[in-house]
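Asks:
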Amino acid sequence: MKNNINRQFIYVMIFLTFFPFVMFGQQNSNDYNEYLGVWRKSGKADRLGYGDMKIYESDGVIYVQMKTLDNGIKKAKAQISNKTLQWSFVQGREYGKWKIGAWWGGEYRDKLIVVCNADGSYGSNGDCSGIYPSYDSNKIANEEISFLSFKAVIKDGDMELYYTMSLDYYSGDTPIFYQSANWVLYDNYTNW
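In terms of the numbering used here, the sequence shown is residues 168 to 359.
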């Protein structure tokens, strides 16, 4: 009986110790507070047309607003992952037919993205980078969404901002595969 009470006490203590981490671990205030504020872009020549940014929290959600040369201010929801702040902007949408896997150049390439053109011809967008769990080899994508994604890392009080371009392929509302590039350093930002 005494062992059972001790065991229950230990279970309660373990639960009370780890419950806050499980419930509030995704966006702990220590994780994102250092990102909040107005960040100024360094004086480097611009490559993508994005400038200064404001990062703020509202009702438990982190938002990023970025000035652009062509489109005014763009706004996106952001996520914290491994102490890195990440967000994306939709750049465009295309409609058509895409599938993966085909015989090409005498060999079967299972990750090759095949473009099914309206005139009955075929082309390729290269290999896909990954397949979503919802993928089914019988599904043909009918929408291609292009994203410009950013990730911010705090280093010595300043922020390094990286970007990547990616394409997600959907069948209806279901993502089935994607193609992405490597992360590239965009610029450095300071908030003072």
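All C-beta atoms, glycine included, are put in the ideal place defined by N, C-alpha and C.
Tell me the residue span of the beta strand (DSSP E) that contains residue 283.
Replies: Along the sequence shown, read from residue 1 onward, the residue named residue 283 stands at position 116. Note, residue 283: beta strand (DSSP E), 274–283.
Asks: Could you name the residues of the same chain whose beta carbon sits closer than 7 Å to that of residue 262, not counting the 5 residues immediately before and after it, in chain order?
Replies: By one-based count along the sequence shown, residue 262 stands at place 95. Taken in chain order, the residues that qualify are 309 and 310.
Asks: Rounded to the nearest angstrom, how far is the Cβ of residue 350 from that of residue 322, given a contact under 8 Å?
Replies: Position 183 of the sequence shown, counted from the first residue, corresponds to residue 350. Position 155 of the sequence shown, counted from the first residue, corresponds to residue 322. With a Cβ gap of about 15 Å, residue 350 and residue 322 do not count as contacting.
Asks: Relative to the alpha-carbon of residue 291, which residue among 243, 248 and 281 has its alpha-carbon at the smallest distance?
Replies: In the sequence shown, the residue the question calls residue 291 occupies position 124. If we check each option's Cα against that of residue 291, 281 comes out closest.
Asks: Report the option in 213, 207 and 347 whose CA atom is closest to the CA atom of residue 367.
Replies: Lying before the first or after the last residue shown, residue 367 is absent from the chain, which here runs from 168 to 359.
Asks: State yes or no: is the C-beta of residue 312 within less than 8 Å of the C-beta of residue 257?
Replies: Locating residue 312 in the sequence shown gives position 145, counting from the first residue. Locating residue 257 in the sequence shown gives position 90, counting from the first residue. It is a contact, given that the beta carbons lie within the stated cut-off.
Asks: Among the residues of its own chain, which have a CB less than 6 Å from the CB of residue 246, if the five just before and after it don't count?
Replies: Numbered from 1 along the sequence shown, position 79 holds the residue referred to as residue 246. Within the same chain, Cβ atoms closer than 6 Å to the Cβ of residue 246 are found at 253, the five residues on either side in sequence being excluded.
Asks: Leaving out five residues on either side along the sequence, give the residues of the same chain with a beta carbon under 8 Å from the beta carbon of residue 343.
Replies: The residue labelled residue 343 in the question sits at position 176 within the sequence shown. Closer than 8 Å at Cβ, skipping near neighbours: 298, 299, 301, 302, 303, 306, 308, 336 and 337.
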